[in-house]
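Enquirer: Have a look at this one.
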Amino acid sequence: MKPSAALKPKLKSARKPPARRLSPTEKARVQAIFDRFAATTAHPKTELEYKNPYTLITAVALSAQATDVSVNKACRPLFATVDTPQKMLALGEDGLIQHIKSIGLYRTKARNVMATARILVEQYGGEVPLNREALQTLPGVGRKTASVVLNELVIEPAIAVDTHVFRVAHRLKLSKGKTPDQVEHDLMAVVPPPYLTRAHHWLILHGRYVCVARRPRCETCLIADLCPSRELFVGQ
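39 is the number of the first residue of the sequence shown in the working numbering; add one for each residue after it.
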């Protein structure tokens with residue numbers, strides 16, 4: 039006996055929250071923020087060192103819960119000779135570990151890097167598939183890593199939300215999101231379109247060097263007068 043339609047459970051469809059809308063005053067403030075970033079650093083780039091899409095995705099995957107400085111230090115000699123998935127497979131997991139053992143979670147990361155290299159060789163002819171869906175199927179490559187790669191290579195405007203971007207977005211009142219995905223959704227809606235491919239870099243660098251976690255350097259901040267949170271920190 040089939041249950042009646044009235045007795046069937048209603049499934050909630052997964053919907054994104056509505057895009058945030060700005061008042062004219064807020065829109066002008068946000069425009070001014072990114073205008074100043076652009077005037078100061080017109081072409082921001084990742085601080086991770088890479089030679090091609092393969093070394094970029096490898097470096098970004100290794101940078102999870104690690105600093106760019108530590109990843110660059112480990113990968114500089116590695117990428118000097120290992121810059122393709124074929125060469126990575128030839129190096130082997132033990133050989134890779136010798137290069138990256140100074141990076142946190144290096145054993146798990148080494149397994150993921152080797153698994154990714156194998157997939158790239160066997161399924162993609164040794165090339166990195168430069169689309170989000172394919173990238174996110176690779177071991178150790180989540181949405182954030184895919185966003186960094188696609189944005190850095192100017193393939194798709196994306197804002198990868200790490201702890202720095204999350205913090206700056208909240209202090210600037212660009213988002214009230216409680217998760218990285220929610221903050222990303224808000225930022226993609228409020229950042230002026232011409233700046234979408236560069237916003238990730240500006241926000242992460244601003245959070246890394248100026249709007250730091252404990253004591254933001256408001257006295258040297260180029261957008262301090264546009265920041266609603268400034269009064270919380272001035273005089274500390």
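Glycine included, each C-beta is placed from N, C-alpha and C at the ideal position. All values derive from a computational prediction rather than experimental measurement.
My guess is that LEU60 and VAL228 are in contact by the Cβ rule of under 8 Å, so how many angstroms apart are they, rounded?
Expert: Residue numbering aside, residue 60 sits at position 22 when the sequence shown is read from its first letter. Residue numbering aside, residue 228 sits at position 190 when the sequence shown is read from its first letter. The Cβ separation is near 6 Å, so the contact holds.
Enquirer: From the DSSP output, in three-state form, read off ILE261 for me.
Expert: Position 223 of the sequence shown holds residue 261. Three-state DSSP puts ILE261 in coil, outside helix and strand.
Enquirer: Excluding the 5 residues preceding and the 5 following PHE204 in the sequence, name in chain order all residues of the same chain whose CB lies nearer than 7 Å to its CB.
Expert: On the sequence shown, residue 204 is found 166 positions in, with the first residue counted as 1. Taken in chain order, the residues that qualify are PRO218 and VAL221.
Enquirer: When we look at the beta-carbon of HIS238 and count the other beta-carbons within 10 Å, is it buried (16 or more) or exposed?
Expert: As a position in the sequence shown, residue 238 is number 200, starting the count at 1. When all chains shown are included, HIS238 counts as buried.
Enquirer: According to DSSP, is ARG156 helix, strand or coil?
Expert: Here residue 156 corresponds to residue number 118 of the sequence shown, with the count starting at 1. Here ARG156 sits in helix by DSSP.
Enquirer: Alpha carbons only, please: which of THR93, ALA198, LEU212 and ASN189 is nearest the one belonging to GLU165?
Expert: Translated into positions along the sequence shown, residue 165 becomes position 127. Closest option to GLU165, Cα to Cα, is THR93.
Enquirer: Can you tell me whether DSSP reads ALA251 as helix, strand or coil?
Expert: The count along the sequence shown starts at 1 and reaches residue 251 at position 213. If DSSP states are grouped into helix, strand and coil, ALA251 belongs with coil.
Enquirer: Nearest CA to the CA of PRO82: which residue from PHE72, ASN90, PRO91 and LYS89?
Expert: Locating residue 82 in the sequence shown gives position 44, where the first residue counts as 1. Nearest option by C-alpha distance: PHE72.
Enquirer: Grab me the residues of PHE271's own chain with a C-beta within less than 6 Å of its C-beta, minus the 5 sequence neighbours each way, in chain order.
Expert: Numbered from its first residue, the sequence shown carries residue 271 at position 233. So the list reads PRO254 and CYS256, once near-sequence residues are dropped.
Enquirer: Residue ranges of each alpha helix (DSSP H) run of no fewer than 4 residues wholly in the segment 70-117, ordered along the chain?
Expert: Qualifying alpha helix (DSSP H) stretches, in chain order: 91-100.
Enquirer: Can you give me the C-alpha to C-alpha distance between LEU143 and LEU225, rounded to a whole angstrom?
Expert: For the purposes of this step, residue 143 is taken as residue 105 along the sequence shown, with counting starting at 1. For the purposes of this step, residue 225 is taken as residue 187 along the sequence shown, with counting starting at 1. Rounded to the nearest angstrom, the two C-alpha atoms are 30 Å apart.
Enquirer: Rounded to the nearest angstrom, what separates ALA153 and ALA97 at their Cα positions?
Expert: The residue you call residue 153 lines up with position 115 of the sequence shown. The residue you call residue 97 lines up with position 59 of the sequence shown. So the two alpha carbons sit approximately 15 Å from each other.
Enquirer: With DSSP as the reference, label PRO177 as helix, strand or coil.
Expert: Stepping through the sequence shown from its first residue, residue 177 is reached at position 139. In this structure, PRO177 counts as coil in the three-state DSSP scheme.
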